[in-house]
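Colleague:
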Amino acid sequence: MNQSIFTAQALTKIYASGEVEVRALRELDLDIAAGEVVVLLGPSGSGKSTLLNIMGGLDRASSGRLYFNDLELTSLGDRDLTTYRRQHIGFVFQFYNLMPSLTAYENVALVTEIAEHPMRPEEALALVGLEARMDHFPSQLSGGEQQRVAIARAIAKRPEVLLCDEPTGALDSKTGILVIEALLSVNAQLGTTTLIITHNASIQTVADRVLFFADGQISRIQKNEMRRAAAALSW
Amino acid sequence: MRVLDIKLFRDLKRLWAQALAIALVVGGGVATLVMAVGSYRSLEETRTAYYDRHRFGDVFAQVRRAPKMMIDRIAEIPGVAAVDARIAKLALLDIPNFREPATGQFVSLPEGGQPVLNQLHIRAGRLPEPGRTEEVVISESFAGAHAFVLGARFSAILNGRKRELLVVGIALSPEFIYAIGPGDIMPDNRRFGIVWMSEKALANAYDLDGAFSSVSLKLLRGASERDVIMRLDALLDRYGGTAAHGRKDQTSHAWLDHELDMLSNMSRTLPPIFLLVAAFLVNLTLSRLVALEREQTGLLKALGYRNIAVASHYMKFVILIVVGGIAIGSVAGTWLGIVVTKLFGDFFRFPFLVFVKSPDLYLMAAALSVLAAIVGAARAIGEVVALAPAVAMQPPAPPRFHRVLPRWFNIALVLSQPAVMMLRNVTHHPIRAAFTTLGMALATAILIVSLFTRGTMEELINVTYFMADRQDATISFVEKRPQDTVYQIARLPGVLAVEPYREIPVRIRSGNVERRIMLSGRPRDADLSRIIDVDLRPVVLPESGLAISDMLAQILDVRVGDLVEIDLLEGQRRTVILPIAARVEDYFGIRGMMDAQALSRLMREAPAVNSVHLSLDTNRLDAFYGAVKQLPIVGGLALQRASLANFRETVALLVTTMASIYTGLAAIIAFGVVYNSARISLSERARELASLRVLGFTRGEVLRILLLELTLLTMLAQPLGWIIGYGLAWMMKTNLAGETMRVRLVVENSTYVLASAIVIVAAVLSALVVRARINRLDLVSVLKTRD
Numbered sequence: 004m005n006q007s008i009f010t011a012q013a014l015t016k017i018y019a020s021g022e023v024e025v026r027a028l029r030e031l032d033l034d035i036a037a038g039e040v041v042v043l044l045g046p047s048g049s050g051k052s053t054l055l056n057i058m059g060g061l062d063r064a065s066s067g068r069l070y071f072n073d074l075e076l077t078s079l080g081d082r083d084l085t086t087y088r089r090q091h092i093g094f095v096f097q098f099y100n101l102m103p104s105l106t107a108y109e110n111v112a113l114v115t116e117i118a119e120h121p122m123r124p125e126e127a128l129a130l131v132g133l134e135a136r137m138d139h140f141p142s143q144l145s146g147g148e149q150q151r152v153a154i155a156r157a158i159a160k161r162p163e164v165l166l167c168d169e170p171t172g173a174l175d176s177k178t179g180i181l182v183i184e185a186l187l188s189v190n191a192q193l194g195t196t197t198l199i200i201t202h203n204a205s206i207q208t209v210a211d212r213v214l215f216f217a218d219g220q221i222s223r224i225q226k227n228e229m230r231r232a233a234a235a236l237s238w
Numbered sequence: 004m005r006v007l008d009i010k011l012f013r014d015l016k017r018l019w020a021q022a023l024a025i026a027l028v029v030g031g032g033v034a035t036l037v038m039a040v041g042s043y044r045s046l047e048e049t050r051t052a053y054y055d056r057h058r059f060g061d062v063f064a065q066v067r068r069a070p071k072m073m074i075d076r077i078a079e080i081p082g083v084a085a086v087d088a089r090i091a092k093l094a095l096l097d098i099p100n101f102r103e104p105a106t107g108q109f110v111s112l113p114e115g116g117q118p119v120l121n122q123l124h125i126r127a128g129r130l131p132e133p134g135r136t137e138e139v140v141i142s143e144s145f146a147g148a149h150a151f152v153l154g155a156r157f158s159a160i161l162n163g164r165k166r167e168l169l170v171v172g173i174a175l176s177p178e179f180i181y182a183i184g185p186g187d188i189m190p191d192n193r194r195f196g197i198v199w200m201s202e203k204a205l206a207n208a209y210d211l212d213g214a215f216s217s218v219s220l221k222l223l224r225g226a227s228e229r230d231v232i233m234r235l236d237a238l239l240d241r242y243g244g245t246a247a248h249g250r251k252d253q254t255s256h257a258w259l260d261h262e263l264d265m266l267s268n269m270s271r272t273l274p275p276i277f278l279l280v281a282a283f284l285v286n287l288t289l290s291r292l293v294a295l296e297r298e299q300t301g302l303l304k305a306l307g308y309r310n311i312a313v314a315s316h317y318m319k320f321v322i323l324i325v326v327g328g329i330a331i332g333s334v335a336g337t338w339l340g341i342v343v344t345k346l347f348g349d350f351f352r353f354p355f356l357v358f359v360k361s362p363d364l365y366l367m368a369a370a371l372s373v374l375a376a377i378v379g380a381a382r383a384i385g386e387v388v389a390l391a392p393a394v395a396m397q398p399p400a401p402p403r404f405h406r407v408l409p410r411w412f413n414i415a416l417v418l419s420q421p422a423v424m425m426l427r428n429v430t431h432h433p434i435r436a437a438f439t440t441l442g443m444a445l446a447t448a449i450l451i452v453s454l455f456t457r458g459t460m461e462e463l464i465n466v467t468y469f470m471a472d473r474q475d476a477t478i479s480f481v482e483k484r485p486q487d488t489v490y491q492i493a494r495l496p497g498v499l500a501v502e503p504y505r506e507i508p509v510r511i512r513s514g515n516v517e518r519r520i521m522l523s524g525r526p527r528d529a530d531l532s533r534i535i536d537v538d539l540r541p542v543v544l545p546e547s548g549l550a551i552s553d554m555l556a557q558i559l560d561v562r563v564g565d566l567v568e569i570d571l572l573e574g575q576r577r578t579v580i581l582p583i584a585a586r587v588e589d590y591f592g593i594r595g596m597m598d599a600q601a602l603s604r605l606m607r608e609a610p611a612v613n614s615v616h617l618s619l620d621t622n623r624l625d626a627f628y629g630a631v632k633q634l635p636i637v638g639g640l641a642l643q644r645a646s647l648a649n650f651r652e653t654v655a656l657l658v659t660t661m662a663s664i665y666t667g668l669a670a671i672i673a674f675g676v677v678y679n680s681a682r683i684s685l686s687e688r689a690r691e692l693a694s695l696r697v698l699g700f701t702r703g704e705v706l707r708i709l710l711l712e713l714t715l716l717t718m719l720a721q722p723l724g725w726i727i728g729y730g731l732a733w734m735m736k737t738n739l740a741g742e743t744m745r746v747r748l749v750v751e752n753s754t755y756v757l758a759s760a761i762v763i764v765a766a767v768l769s770a771l772v773v774r775a776r777i778n779r780l781d782l783v784s785v786l787k788t789r790d
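In order, the protein sequence lines correspond to chains A and B.
Residue numbers for the first sequence, in our numbering: 4 to 238.
Residue numbers for the second sequence, in our numbering: 4 to 790.
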């Protein structure tokens with residue numbers, strides 16, 4: 004196993020939303036190895052998205068520590084977190100979150116313009132099989148195509164980490180499989196550490212490890228000796 | 004940042020209607036300033052250039068008869084640069100096919116050339132040729148009113164003898180931009196005109212060979228006008244001089260000054276209000292528009308864009324909209340400014356117009372608009388950027404709602420569910436609701452302040468023409484006449500009643516403040532021309548003491564019972580001290596009045612008259628006019644009805660034209676505000692409304708929730724708008740009040756109704772747009788994501 008890329012120690016997140024206090028993460032400990040494909044499973048509100056958001060520098064922990072290699076993320080300010088995201092992290096969201104006013108190409112270029120060693124937008128789109136649809140606006144693309152644009156956008160800067168929050172959640176199974184395929188091929192070609200949140204238990208078979216979440220903690224970790232190819236998936 | 008800029012332009016294209024509405028609000032504010040101040044500056048500059056090129060005098064004096072050798076003596080007064088002496092006389096005119104007697108102001112011209120000062124601008128024809136005593140040049144407005152062309156003929160009664168005159172030239176003069184006949188308060192171009200003729204001809208007619216009756220002086224730069232006037236008065240005293248005066252008391256200049264003052268005051272009062280209101284509204288609208296971009300802001304941050312990059316992206320968005328508005332406003336304002344300058348230029352008959360470029364105005368308006376927009380957007384951007392990206396990308400947490408009413412009180416029994424939702428929404432966003440209401444109230448208010456002048460003008464007409472000066476006509480005599488002239492006038496055909504007046508120029512003084520006014524002695528029980536006090540009640544003149552214009556009392560800072568010093572500028576020229584006995588409500592000029600008998604005692608003279616007010620039998624007007632034309636003692640006849648018609652045609656027209664322009668701009672601003680309020684609240688609540696549609700609410704029901712809110716806020720805004728509007732109108736009225744003219748603030752009910760109606764129409768049109776949007780609401784996609 005490679006060296007750890009993420010190390011979490013007693014990571015805790017408390018949301019004060021309105022009048023209620025929600026403990027989204029409770030003293031969570033975790034190691035993620037570089038190049039690993041990890042699937043996060045668990046019911047809503049079990050803390051998966053919160054963990055991903057904190058790992059991606061989109062949100063901050065209430066207590067505990069989180070390291071990215073030697074960098075302590077939990078001690079960074081807003082400015083440094085932005086730099087961290089810009090240099091290391093790619094995101095894929097459930098609802099794609101494309102800019103509706105930009106074409107597929109331009110949505111990718113949005114990231115390549117501010118990254119340090121990006122690939123060209125058309126290269127990234129080719130990796131997800133969308134080179135022919137570059138000049139389409141999101142509203143002219145199917146859900147699966149939009150999600151693949153989002154993946155192209157996420158990988159175009161050659162991030163070390165790809166964080167995917169229910170990337171297939173809004174898609175039918177056929178398109179969902181295409182998306183998972185795209186993620187795995189990026190992992191294979193670029194060695195990108197990939198974390199995937201899903202509600203879809205069948206996706207767990209493509210991962211190196213599966214983390215089961217319950218109540219803000221990891222209740223169980225499952226190691227897959229054999230990763231299945233995405234093409235073999237069905238749901 | 005190339006892709007972000009692409010996004011910027013595409014966003015602008017998508018939101019074009021809202022962007023345009025905001026740009027129009029900005030444009031309205033900018034246009035008002037550029038138009039008002041720009042046209043004022045152009046007119047002011049035009050006047051200065053006109054005065055300079057035609058050598059308009061600085062000091063003016065009338066004498067009965069002074070020998071020409073005095074000209075050299077006058078020129079020796081320190082500070083005098085040039086002297087122009089001439090003969091100036093009022094005379095009745097007899098114009099073919101014009102039944103009313105008209106008055107001519109005759110002014111002599113040197114043989115074969117232009118005068119030294121107050122030179123003519125020849126519009127057509129030429130000056131009279133030497134030796135041609137029947138040739139005259141007439142003022143353009145008078146020529147226009149009678150369709151006189153070169154070669155036209157009319158006659159005049161000069162010193163009791165009828166003379167046939169031939170028009171050889173039509174001209175303008177800086178001295179008679181505003182030509183007001185004796186006894187009149189308004190210019191009447193049909194019944195009063197300026198006639199220039201050769202000095203020899205006038206001198207012969209009036210036995211003034213080698214003498215003059217009027218003199219103007221040009222002063223050296225830095226000379227003391229007061230000193231020159233004192234020395235001039237001393238020189239001319241024994242020739243029957245009636246106190247010299249400066250430009251300030253020259254009728255035409257004073258009126259022009261007042262008109263320009265009014266424009267200037269309007270430009271100092273309304274545009275700042277418009278611009279500030281526009282700025283406030285832009286601030287409000289843009290901050291809401293930017294707040295709507297919360298999720299995209301979060302996404303940009305998630306992708307690694309720095310706060311400063313995200314903020315400047317939205318700043319660019321906001322600034323582009325505002326710059327668009329500034330461009331629209333500058334073009335429209337410049338164009339309107341030219342229209343207004345030409346309108347006033349035509350009205351004043353300026354021979355040419357000087358258009359002043361005012362880059363400072365554009366800069367000022369632009370800077371204020373951009374600043375307002377930046378401040379507004381900064382607030383929203385700051386709030387959004389401060390959120391962690393993960394939070395920003397989520398829709399905002401549901402706001403804390405709580406029960407206002409006790410649980411046992413089921414409001415749903417009283418109000419429909421949509422009404423309850425609407426009320427909860429309003430009460431739980433109190434600041435937003437308050438600002439929206441204030442925005443619409445300001446829209447109503449600027450409409451009121453644009454519209455109120457109409458009612459105020461009607462009040463002025465009512466008080467002046469129907470409560471105070473109710474006479475049908477005023478006859479002014481060439482010189483003061485003995486009291487028994489009244490009986491002569493009373494015997495004229497058609498005369499029903501006569502009231503005699505004695506007018507004396509005086510200087511009135513309290514402390515350091517001094518004004519030159521006409522003091523009129525009048526019958527105590529005068530019924531035709533009444534004195535109206537500040538409470539609009541007719542008052543009887545006190546036996547002793549002075550009644551003065553309320554405005555004059557304010558200028559002198561005196562109350563009833565205070566003493567003022569009066570220099571009598573005619574006869575023995577004494578200085579007396581008199582108590583103030585009443586303050587009079589009047590709207591034109593400043594004046595003093597007292598009992599005629601008390602005045603003749605003060606003057607130490609036998610009772611005399613300068614003018615009489617008449618009540619006429621309208622069936623015998625022709626006979627009356629015919630008789631007046633035969634009377635050599637008559638210098639002028641003023642008709643109230645003609646004066647009122649002229650007032651409506653001139654001053655009221657200018658004021659209402661300006662008011663219409665302002666109203667148009669205010670309406671644009673109002674529409675922009677209401678439309679944006681409706682559109683933005685639709686966007687802000689798209690998700691909520693789509694959810695309702697999914698739950699089975701019909702389009703109509705969803706629309707009703709949104710429109711109920713718009714209706715409630717629009718209605719709440721109206722009374723507030725009326726109050727603010729009245730306050731702004733009061734400010735404007737106070738700013739516009741001057742010595743030449745002022746008004747009493749009357750905001751008619753119809754003004755409130757019209758202002759509110761415009762805002763409500765804007766609301767209804769906006770509602771139609773919102774309805775079309777709700778019909779196109781994409782239920783599924785709205786529930787998933789927001790764009």
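Every residue gets a Cβ at the ideal spot worked out from N, C-alpha and C, and that includes glycine.
Just checking: is the beta-carbon of A/F94 within a distance shorter than 8 Å of some beta-carbon in chain B?
Modeller: The count along the first sequence starts at 1 and reaches residue 94 of chain A at position 91. Closer than 8 Å to some Cβ of chain B, the Cβ of A/F94 qualifies, so yes.
Colleague: At the level of alpha carbons, what is the spacing between A/L130 and A/T85?
Modeller: Taking the first residue of the first sequence as 1, we reach residue 130 of chain A at position 127. Taking the first residue of the first sequence as 1, we reach residue 85 of chain A at position 82. Cα-Cα distance, rounded: 26 Å.
Colleague: Using beta-carbon positions only, say whether B/L711 and B/P275 come within less than 8 Å of one another.
Modeller: To locate residue 711 of chain B, count along the second sequence from 1; it is residue 708. To locate residue 275 of chain B, count along the second sequence from 1; it is residue 272. Going by C-beta atoms, B/L711 is not nearer than 8 Å to B/P275.
Colleague: DSSP three-state label for B/M661, please.
Modeller: Here residue 661 of chain B corresponds to residue number 658 of the second sequence, with the count starting at 1. B/M661 falls in the helix class under three-state DSSP.
Colleague: Are the CB atoms of B/G244 and B/V66 within a distance shorter than 8 Å?
Modeller: Here the question's residue 66 of chain B lines up with position 63 in the second sequence. Here the question's residue 244 of chain B lines up with position 241 in the second sequence. Contact flag set, yes.
Colleague: Is there a Cβ from chain B that is less than 8 Å from the Cβ of A/T85?
Modeller: As a working mapping, residue 85 of chain A is identified with position 82 in the first sequence. Chain B contact via Cβ: present.
Colleague: Give the range of the alpha helix (DSSP H) segment to which B/N286 is assigned.
Modeller: Reading the second sequence from its first residue, position 283 is the one you call residue 286 of chain B. Element bounds for B/N286: 254-294.
Colleague: Could you tell me whether the Cβ atoms of B/I558 and B/R518 are closer together than 8 Å?
Modeller: Numbered from 1 along the second sequence, position 555 holds the residue referred to as residue 558 of chain B. Numbered from 1 along the second sequence, position 515 holds the residue referred to as residue 518 of chain B. Closer than 8 Å, so yes.
Colleague: Just curious, the alpha helix (DSSP H) that A/Y108 is in, first and last residue?
Modeller: Mapped onto the first sequence, residue 108 of chain A falls at position 105. It spans 107-115 - the alpha helix (DSSP H) in which A/Y108 sits, taken as one unbroken run.
Colleague: Grab the span of the alpha helix (DSSP H) containing B/Y812 for me, first residue to last.
Modeller: In the structure as shown, chain B begins at 4 and stops at 790. Residue 812 of chain B is therefore absent and cannot be evaluated.
Colleague: Quick one: is A/N100 buried, meaning 16 or more other Cβ sit within 10 Å of its Cβ, or exposed?
Modeller: Against the first sequence, residue 100 of chain A aligns to sequence position 97. Buried: at least 16 other Cβ atoms inside 10 Å.
Colleague: Verify the CB distance criterion: does B/T430 have a CB-CB separation below 8 Å to chain A?
Modeller: Locating residue 430 of chain B in the second sequence gives position 427, counting from the first residue. No, B/T430 does not count as interfacial toward chain A.
Colleague: Of all the options A/D211, A/G219, A/A235, A/F215, which has the alpha carbon lying nearest to the alpha carbon of A/M229?
Modeller: Reading the first sequence from its first residue, position 226 is the one you call residue 229 of chain A. If we check each option's Cα against that of A/M229, A/D211 comes out closest.
Colleague: Identify the residues that DSSP records as bridge partners of A/I92: which are they?
Modeller: For the purposes of this step, residue 92 of chain A is identified with residue 89 of the first sequence, where counting begins at 1. A/V164.
Colleague: Mind checking if B/P392 is an interface residue toward chain A, Cβ cutoff 8 Å exclusive?
Modeller: For the purposes of this step, residue 392 of chain B is taken as the residue at position 389 of the second sequence. Taking Cβ atoms only, chain A reaches closer than 8 Å to B/P392, which makes this a yes.
Colleague: Can you pull the chain A residues whose beta carbon is under 8 Å from the beta carbon of B/A693, in chain order?
Modeller: In the second sequence, residue 693 of chain B corresponds to position 690, counting from 1. Under the 8 Å cutoff, chain A gives no residues; its nearest Cβ is about 15 Å from B/A693.
Colleague: On the DSSP bridge assignment, give the partners of B/I580 in chain order.
Modeller: Residue numbering aside, residue 580 of chain B sits at position 577 when the second sequence is read from its first letter. Answer is B/E568, bridged to B/I580.
Colleague: Determine the closest residue to B/I141 out of B/D598, B/L15, B/R129, B/P610, with distance taken between C-alpha atoms.
Modeller: Against the second sequence, residue 141 of chain B aligns to sequence position 138. For B/I141, the nearest C-alpha among the options comes from B/R129.
Colleague: Classify B/S270 as buried or exposed, calling it buried when 16 or more other Cβ atoms lie within 10 Å of its own Cβ.
Modeller: As a first step, residue 270 of chain B must be located in the second sequence, where it is residue number 267. Burial call: buried.
Colleague: Give the single residue among A/S145, A/I221, A/V152, A/L113 whose Cα lies nearest to the Cα of A/D175.
Modeller: Position 172 of the first sequence, counted from the first residue, corresponds to residue 175 of chain A. That would be A/S145, whose Cα lies nearest to the Cα of A/D175.
Colleague: Looking at chain A, which residues of the region 291-316 of chain B have a Cβ within less than 9 Å of any of its Cβ atoms?
Modeller: From the region 291-316 of chain B, only E298, Q299, G301, L302, L303, K304, A305, L306, G307, Y308, R309, N310, A312 have a Cβ closer than 9 Å to chain A.
Colleague: Within 10 angstroms of its Cβ, does B/I311 collect 16 or more other Cβ (buried), or is it exposed?
Modeller: Locating residue 311 of chain B in the second sequence gives position 308, counting from the first residue. Label assigned to B/I311: exposed.
Colleague: Would you tell me roughly how many angstroms separate the C-alpha atoms of B/L634 and B/D528, rounded to the nearest one?
Modeller: As a working note, residue 634 of chain B is residue 631 in the second sequence. As a working note, residue 528 of chain B is residue 525 in the second sequence. In a straight line, the C-alpha of B/L634 is about 28 Å away from that of B/D528.
Colleague: For the alpha helix (DSSP H) containing B/F358, list its first residue and its last residue.
Modeller: As a working note, residue 358 of chain B is residue 355 in the second sequence. B/F358 -> no alpha helix (DSSP H), and no H or E assigned at all.
Colleague: B/I384 touches chain A at which residues, Cβ-Cβ below 9 Å?
Modeller: By one-based count along the second sequence, residue 384 of chain B stands at place 381. Residues of chain A passing the Cβ test: none, with the nearest at roughly 15 Å.
Colleague: Name the DSSP bridge partner or partners of A/Q225?
Modeller: If you number the first sequence from 1, residue 225 of chain A lands on position 222. Its beta-bridge partners are A/V213.
Colleague: For a quick check, are the C-beta atoms of B/P118 and B/R89 less than 8 Å apart?
Modeller: Counted from its first residue, the second sequence places residue 118 of chain B at position 115. Counted from its first residue, the second sequence places residue 89 of chain B at position 86. Closer than 8 Å, so yes.
Colleague: Rounded to whole angstroms, what's the CA-CA distance from A/M4 to A/A155? Just pull it up for me.
Modeller: Taking the first residue of the first sequence as position 1, residue 4 of chain A is located at position 1. Taking the first residue of the first sequence as position 1, residue 155 of chain A is located at position 152. Reliability of the predicted coordinates at A/M4 is poor, the pLDDT of 47 falling under 50, and no value is obtained from them.
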